[in-house]
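Under this note's numbering, the residue at position 22 of the sequence shown is numbered 125, and the numbers go up by one with no gaps. One structure is given here, and the rest of the page talks about it.
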Amino acid sequence: EIIQKGITWDIPWRLTRSCYSDAYHACGKCDSCLVRARAFWISKLQDPAFPSEEQWRQVGVRLAGQGYLDE
Numbered sequence: 104e105i106i107q108k109g110i111t112w113d114i115p116w117r118l119t120r121s122c123y124s125d126a127y128h129a130c131g132k133c134d135s136c137l138v139r140a141r142a143f144w145i146s147k148l149q150d151p152a153f154p155s156e157e158q159w160r161q162v163g164v165r166l167a168g169q170g171y172l173d174e
């Protein structure tokens with residue numbers, strides 16, 4: 104829901120991240136990264152924090168494997 108609202112409000116998602124690490128890029132492993140990625144995944148949108156198809160596929164595998172996609 105928040106992702107869709109952000110799109111409506113023209114939020115520049117590519118300029119945001121929520122990773123706990125100090126790195127510039129999202130790690131894709133911490134809870135914060137996975138919660139954010141789940142929101143994009145459910146919205147059927149690719150999170151710009153993971154720009155390549157391969158990164159996004161790996162995040163999808165991690166989401167499923169850790170139960171983030173269970174409903």
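Yeah, the Cβ is synthetic: ideal placement off N, Cα and C, and Gly gets one too. A quick note: this is a predicted structure, and the numbers were derived from the prediction, not measured.
Would DSSP call residue i helix, strand or coil?
i      : result
GLN107 : helix
SER135 : helix
ARG120 : coil
ILE145 : helix
Pick out whichever of the options has its Cα sitting closest to the Cα of residue i.
i      : options                           : result
VAL138 : ALA126, ASP125, TYR127 and ALA152 : ALA152
ALA167 : GLN149, ALA140 and ASP150         : ALA140
ALA142 : CYS130, GLU157, SER124 and GLY163 : GLY163
SER155 : ILE105, ARG117, GLN169 and SER135 : ARG117
LEU172 : ILE145, LYS108 and GLN158         : ILE145
GLN158 : ILE114, LYS108, PRO115 and HIS128 : HIS128
Using a 10 Å radius around the Cβ and a threshold of 16 neighbouring Cβ atoms, would you call residue i buried or exposed?
i      : result
ASP150 : buried
ALA126 : exposed
TRP112 : exposed
GLY131 : buried
Check for me: the alpha helix (DSSP H) holding residue i runs from which residue to which?
i      : result
TRP159 : 156-168
Taking 7 Å as the cut-off, is the beta-carbon of residue i closer than that to any non-hydrogen atom of the ligand GDP?
i      : result
SER124 : Judged by which ligands are present, the structure shown has none, so any question about the ligand GDP falls away.
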